[in-house]
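Written below as structure tokens is the structure these notes are about.
Residue numbers (our numbering), protein chains in the order written: chain A, 158 to 391; chain B, -18 to 307.
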């Protein structure tokens, strides 16, 4: 699933001015310069039911890179200039705990959108989003229990962890805009259906922080905006 | 502890900065500057008057428990005398003693509280906070404040609520319902022991509830400070839980979770009657404490017939008062 771009939430755009005036697209590539920190190996031997699900060594996912210095798991979104957005899509987003890892590692959603948390493992997890702007909560999810249904009300990048399995880390990106994408292994992203206007584009990487660039869409065109993060060696 | 006059005024200044909203606070600062510099501050004062008044109104925070009504202005006096040393002038848990304290003093600006009757992720009730002040926190530096009057304590609760804007924008959650406790039986204890395995409580608390499970050493609270799981086996008849001493308190603890810590809520995954069974089992982990649960277990031979998962020896709490509770 990481080989493809993840596009979500275009439903909200059914009554968009884009349909009337033509729509532009912003696309680009996320890369890094320098040498990223080596990801740490994860020892799951304390949780055999998870360890046996992995045939290849598992590492942390703080920085996930692809060929040609591309960066995955970067959230790119319109942080300013987006038209007023309609309410959250009715469709839920799903966050799965499998093999004592979070799939996806970074999950984007809209305020008020339903978040389903699934435990596909044979062990108990606790889902602990360390929210600061939203409410922090912490729920146990033993194996075989139905998905948890939750939502967040405010825009925030929320670190998620499981206290039982301290290596499990992920992020919820709660975004006001419906125009967002998360880069895959190829580091590319595309934000289609943008009506003409001036926009600020923000790219967020969990370790490297955020970068912004302005872009103007004047009609039915595709603009290229690339981001380059300076890698932290440690 | 002593607070010098100069410190008090510093506290006052910091305090107002923390509690009023950002806009009003910047107004206040500008106003002060304006006064000092004898600049034309009238217009500024007028434009700020409304925001400041609104902010001051939020100072008039109240708390209610039974017939008691707490007032933040009163609570502030007690806070300065009794609480500021640890919880700090800004209520962020960074008082001057905080660096020596483990676990760290509560940060009231986050409005995240361990002991609640309300679901995880919601604000506690006034009663919850009032109980916490009176009860204190076992295994921590927070003493029980019974030396204060009921009125003092409810005033403190009202003041504590001025540290976070959440108290203006959110309401406390609905307290979880606790059904009446069924009788303690061997069947109930056994089922509780099964739940202890199934819910994997032992991952942190250990098979004997000694707080030494496989994940125990890695636990951190929400501010990344190391934190220990509760050791059930420590202590005797005077042993207390983080949020109380009764069976109802134990029930409430694992159903609400202790927010800000690794202890999650089990409200979505444990049925009310099952929860009572778990309470009965947890009592038997308190091997040095006299309890109905331990009597029932002893009468049944002291062993719980539970199959534990592979490689994890079954819990076999002893029922003798011979342990060396630390």
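All C-beta atoms in this analysis are idealised placements derived from N, C-alpha and C, irrespective of residue type, glycine included.
All of these numbers come straight from a predicted model, not from anything done at the bench.
May I ask you to verify whether the segment 233 to 242 of chain B touches the segment 86 to 106 of chain B, counting CB pairs closer than 8 angstroms and requiring at least 3? yes
Using 8 angstroms for Cβ pairs, my map puts residue 107 of chain B next to residue 45 of chain B. What's the rounded Cβ distance? Counting from one through the second chain, the residue named residue 107 of chain B turns up at place 126. Counting from one through the second chain, the residue named residue 45 of chain B turns up at place 64. Yes, residue 107 of chain B and residue 45 of chain B are in contact; Cβ-Cβ is about 6 angstroms, under 8 angstroms.
Quick one, which residues of the segment 228 to 253 of chain A are near chain B if we go by CB-CB under 8 angstroms, in chain order? none
Would you mind giving the Cβ-Cβ distance between residue 183 of chain B and residue 194 of chain B, rounded to the nearest angstrom? I have them listed as a contact below 8 angstroms. Position 202 of the second chain, counting from 1, holds the residue named residue 183 of chain B. Position 213 of the second chain, counting from 1, holds the residue named residue 194 of chain B. At roughly 5 angstroms, the Cβ-Cβ gap stays under 8 angstroms, so residue 183 of chain B and residue 194 of chain B are in contact.
Residues near residue 69 of chain B by beta carbon distance below 6 angstroms, same chain, minus five either side: Along the second chain, read from residue 1 onward, the residue named residue 69 of chain B stands at position 88. Here the set comprises 75, 76.
For residue 231 of chain A, I'd like the list of residues in its chain whose CB is within less than 6 angstroms of its CB, leaving aside the five on either flank, ordered along the chain. To locate residue 231 of chain A, count along the first chain from 1; it is residue 74. These residues qualify, in order along the chain: 187, 340, 360, 362.
Is it buried or exposed for residue 338 of chain A, if we count other Cβ within 10 angstroms and need 16 for buried? Translated into positions along the first chain, residue 338 of chain A becomes position 181. Classification of residue 338 of chain A: buried, given that the 10 Å Cβ count is 16 or more.
Using a Cβ distance threshold of 8 angstroms, determine whether the segment 349 to 359 of chain A contacts the segment 373 to 386 of chain A, with at least three qualifying pairs required. yes
Rounding to the nearest angstrom, what Cα-Cα distance links residue 163 of chain B and residue 64 of chain B in this structure? The residue you call residue 163 of chain B lines up with position 182 of the second chain. The residue you call residue 64 of chain B lines up with position 83 of the second chain. Going by the C-alpha atoms only, they are around 40 angstroms apart.
Any beta carbon from chain A within less than 8 angstroms of residue 180 of chain B's own beta carbon? Position 199 of the second chain, counted from the start, is the residue given in the question as residue 180 of chain B. For residue 180 of chain B, the answer is yes, since a Cβ of chain A falls inside 8 angstroms of its Cβ.
Contact the segment 189 to 209 of chain A vs the segment 233 to 251 of chain A: 3+ CB pairs below 8 angstroms: no
As an exercise, report each continuous beta strand (DSSP E) stretch of at least 3 residues that is fully enclosed by the segment 258 to 315 of chain A, in chain order. 258 to 260, 263 to 266, 272 to 276, 282 to 286, 296 to 298, 305 to 307
For residue 321 of chain A and chain B, any beta-carbon pair shorter than 8 angstroms? Walking along the first chain from the start, residue 321 of chain A turns up at place 164. At least one chain B Cβ lies under 8 angstroms of residue 321 of chain A.
I need the straight-line Cα distance from residue 71 of chain B to residue 144 of chain B, nearest angstrom please. Sequence index remark: in the second chain, residue 71 of chain B carries index 90 (1-based). Sequence index remark: in the second chain, residue 144 of chain B carries index 163 (1-based). In a straight line, the C-alpha of residue 71 of chain B is about 7 angstroms away from that of residue 144 of chain B.
Given that a residue counts as buried once 16 or more other Cβ atoms are within 10 Å of its Cβ, and exposed if not, what is residue 254 of chain B? As a first step, residue 254 of chain B must be located in the second chain, where it is residue number 273. Residue 254 of chain B comes out exposed.
What are the boundary residues of the beta strand (DSSP E) that residue 252 of chain A is part of? For the purposes of this step, residue 252 of chain A is taken as the residue at position 95 of the first chain. Taken as a continuous stretch (DSSP letters only), the beta strand (DSSP E) holding residue 252 of chain A covers 250 to 255.
Can you give the Cα-Cα distance for residue 281 of chain A and residue 119 of chain B, rounded to whole angstroms? If you number the first chain from 1, residue 281 of chain A lands on position 124. If you number the second chain from 1, residue 119 of chain B lands on position 138. Those two C-alpha atoms are separated by around 27 angstroms.
With DSSP run on the structure shown, which of helix, strand or coil describes residue 168 of chain B? Taking the second chain and counting its residues from 1, the one referred to as residue 168 of chain B is at position 187. Reduced to three states, the DSSP call for residue 168 of chain B is helix.
Short CB-CB distance (under 8 angstroms) between residue 382 of chain A and chain B: In the first chain, counting from the first residue as 1, residue 382 of chain A sits at position 225. Judged by the 8 angstroms Cβ criterion, residue 382 of chain A is not in contact with chain B.
With contact counted as at least three CB pairs below 8 angstroms, one residue from each stretch, are the segment 122 to 129 of chain B and the segment 322 to 331 of chain A in contact? no
Candidates A:277, A:213, A:326, A:290: which alpha carbon is nearest residue 323 of chain B's? Because chain B in this structure spans residues -18 to 307, residue 323 of chain B falls outside the shown range and cannot be described.
Which parts of the segment 117 to 180 of chain B are runs of the alpha helix (DSSP H), unbroken and 4 residues or longer, counting only runs that do not cross its ends? 131 to 141, 147 to 150, 167 to 179
Using a Cβ-Cβ cut-off of 6 angstroms (strictly less than) and excluding sequence neighbours within five positions of residue 258 of chain B, which residues of its own chain qualify? The residue you call residue 258 of chain B lines up with position 277 of the second chain. Excluding residues within five positions, the ones whose Cβ falls inside 6 angstroms are 169, 172, 173.
Is there a C-beta anywhere in chain A that falls below 8 angstroms from the one on residue 184 of chain B? Here residue 184 of chain B corresponds to residue number 203 of the second chain, with the count starting at 1. Chain A contact via Cβ: present.
For residue 370 of chain A and residue 86 of chain B, I'd like the C-alpha separation in whole angstroms. Here residue 370 of chain A is taken as the residue at index 213 of the first chain, counted from 1. Here residue 86 of chain B is taken as the residue at index 105 of the second chain, counted from 1. Near 42 angstroms, if we compare the C-alpha coordinates of residue 86 of chain B and residue 370 of chain A.
Locate the beta strand (DSSP E) running through residue 196 of chain A, then write down its first and last residues. As a working mapping, residue 196 of chain A is identified with position 39 in the first chain. Where residue 196 of chain A is concerned, there is no enclosing beta strand (DSSP E), given that its DSSP letter is neither H nor E.
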